[in-house]
Ligand SMILES: *Cc1c(COP(=O)(O)O)cnc(C)c1O
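Numbering (full-length UniProt numbering), first residue to last: 1 to 399.
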């Protein structure tokens, strides 16, 4: 028998595909999580074409997205460039750490107030990169004055890193102020910001903060599908990194050289994800860029905040925190509350929330980012009410 790949078969396939896409399971669930995040059907559909990595159309798309990301970061292409790297967000973070810290004489000041900051500590352990870990309470912002004191007392740091939105709690750190202090006290020190869950939705002035490396991923606030992450890097800082990398695949310098020389990746690029990402950028622009997107996320946040307050849930962070990416809620004290049951019952209703990630409190998290709208937040609130009813937890809660 000869297999037939002719057009009638593929038309039939396409028809079957578009019909099946209407079914609820294939639409997927509502993700109120820090990732993977919900994406629009149009973004997912943009991933359908197969393209070779040397295809001129693909090379043009890569060029376009690299340049758009520099623009979204609010910096200019003469001084900054985008280096995408295959893999989830963590890959880009690790790529920066192990490419931008020299093998000899490097030392990193790691500012951390949560799980994502601690992940960078772990990377330095794996990589044998000398570091000083400065920890701040999980419900507090990184304190710029303390950072300045540390830098004044020891000017041998070659890099300072901070997480912009610490997604484990929802705290937004003063990245810009930290960067300004770094530049003033140790002028040649590299400043690195993990802006994974904030880029495109929370303003970060890269110039005022003198940021050298900023990372985010395709599947956070720009709402592409997962598969690659990227660094917006100051060219002058990146160009000093030749030969630093402890890894071949995560060598940001080499990746940059390859892209600049030929427009191509060294190893198989996430072609489908990158096509979807170009559509995601289009939808970002249509929504009004950072302003439009942050307005929707803030509205999501307002709806969930007011609704949860009415139900008697309390937040892990006090009201002074203005973050609108994700919110941590304390577990209710009612004896019938069990997170696993709560989570599973919501999941059965296609509502996916997330466990907490703070060390000292029992929390769960509700994200406002991704392809979510105020009506989705309202629907989640109704589901939470129903699930509490099923679990025999009377509402509103009493603390
Ligand atoms: C999501 C996220 C990451 C990366 O996580 P991946 O699972 O590797 O995509 C890193 N830092 C922060 C602050 C994040 O929110």
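A virtual CB, placed ideally from N, CA and C, is assigned to each residue, including glycine.
The model shown is predicted, which means the values in this text are computed figures rather than measured ones.
Which listed residue (the options) has its alpha carbon closest to that of residue i
| i | options | result |
| --- | --- | --- |
| residue 334 | 394, 317 and 360 | 394 |
| residue 29 | 348, 159 and 89 | 348 |
| residue 436 | 84, 34, 79 and 69 | With the chain covering 1 to 399 only, the question about residue 436 has no answer from this structure. |
| residue 360 | 138, 37 and 216 | 138 |
| residue 208 | 75, 307, 117 and 161 | 75 |
| residue 195 | 116, 317, 266 and 149 | 116 |
| residue 127 | 249, 151, 94 and 153 | 94 |
| residue 315 | 79, 328, 332 and 183 | 328 |
| residue 232 | 199, 203 and 297 | 199 |
| residue 287 | 222, 353 and 241 | 222 |
| residue 99 | 382, 186, 124 and 27 | 124 |
| residue 66 | 376, 187, 180 and 216 | 216 |
| residue 266 | 59, 31, 27 and 35 | 59 |
| residue 350 | 382, 183 and 78 | 382 |
| residue 320 | 371, 54 and 173 | 173 |
| residue 136 | 146, 130 and 129 | 146 |
| residue 79 | 148, 57 and 213 | 213 |
| residue 105 | 224, 256, 130 and 396 | 130 |
| residue 303 | 368, 165, 330 and 340 | 368 |
| residue 376 | 318, 300 and 388 | 300 |
| residue 56 | 271, 39 and 290 | 271 |
| residue 398 | 180, 290, 313 and 165 | 313 |
| residue 317 | 298, 185, 166 and 175 | 166 |
| residue 175 | 149, 187, 141 and 184 | 141 |
Simplified DSSP assignment, three categories, for residue i
| i | result |
| --- | --- |
| residue 60 | helix |
| residue 155 | coil |
| residue 97 | helix |
| residue 42 | helix |
| residue 205 | coil |
| residue 109 | strand |
| residue 21 | Because the pLDDT of residue 21 is 49, which lies under 50, any placement of that residue in the model is unreliable, and the question is left without a value. |
| residue 329 | strand |
| residue 363 | strand |
| residue 8 | Residue confidence for residue 8 is low, a pLDDT of 44 falling below 50, so the modelled location carries little weight; the figure read from the coordinates is stated next. It is helical. |
| residue 266 | coil |
| residue 398 | coil |
| residue 379 | helix |
| residue 358 | coil |
| residue 196 | coil |
| residue 388 | helix |
| residue 167 | coil |
| residue 31 | strand |
| residue 401 | It is not possible to answer for residue 401, since the shown part of the chain is limited to 1 through 399. |
| residue 287 | coil |
| residue 103 | coil |
| residue 324 | coil |
| residue 353 | coil |
| residue 299 | helix |
Residue i and residue j closer than 8 Å at C-beta
| i | j | result |
| --- | --- | --- |
| residue 47 | residue 276 | yes |
| residue 219 | residue 51 | no |
| residue 366 | residue 197 | no |
| residue 171 | residue 160 | no |
| residue 235 | residue 81 | yes |
| residue 293 | residue 373 | no |
| residue 364 | residue 353 | yes |
| residue 96 | residue 252 | yes |
| residue 162 | residue 202 | no |
| residue 281 | residue 54 | no |
| residue 345 | residue 390 | yes |
| residue 168 | residue 340 | no |
Residue i Cβ short of 7 Å to ligand 1 heavy atom set
| i | result |
| --- | --- |
| residue 116 | yes |
| residue 249 | no |
| residue 227 | no |
| residue 90 | yes |
| residue 35 | yes |
| residue 167 | yes |
| residue 163 | yes |
| residue 141 | no |
| residue 328 | no |
| residue 220 | yes |
| residue 294 | no |
| residue 135 | no |
| residue 400 | The displayed coordinates of the chain run from 1 to 399. Any statement about residue 400 would go beyond what the structure contains. |
| residue 93 | yes |
| residue 217 | yes |
Proximity test, residue i beta-carbon vs ligand 3 heavy atom, cut-off 7 Å
| i | result |
| --- | --- |
| residue 194 | As far as ligands go, the structure on display features ligand 1 and does not contain ligand 3. |
Residue i at chain B interface by Cβ criterion, 8 Å
| i | result |
| --- | --- |
| residue 74 | No chain B appears in this structure, which consists of one protein chain only. |
Counting Cβ pairs closer than 8 Å, one from the segment 32–45 and one from the segment 240–247, do we hit at least three? Two segments are said to touch when three or more pairs of C-beta atoms, one from each, lie closer than 8 Å; by this definition the segment 32–45 does not touch the segment 240–247.
Do the segment 307–322 and the segment 64–73 meet, that is, are 3 or more Cβ pairs less than 8 Å apart? With a cut-off of 8 Å, the segment 64–73 and the segment 307–322 do not count as touching, because too few Cβ pairs lie within range.
Taking 8 Å as the threshold, find out whether the segment 148–159 comes into contact with the segment 97–109 through three or more Cβ pairs. The segment 148–159 makes contact with the segment 97–109; the number of CB pairs closer than 8 Å reaches 3 or more.
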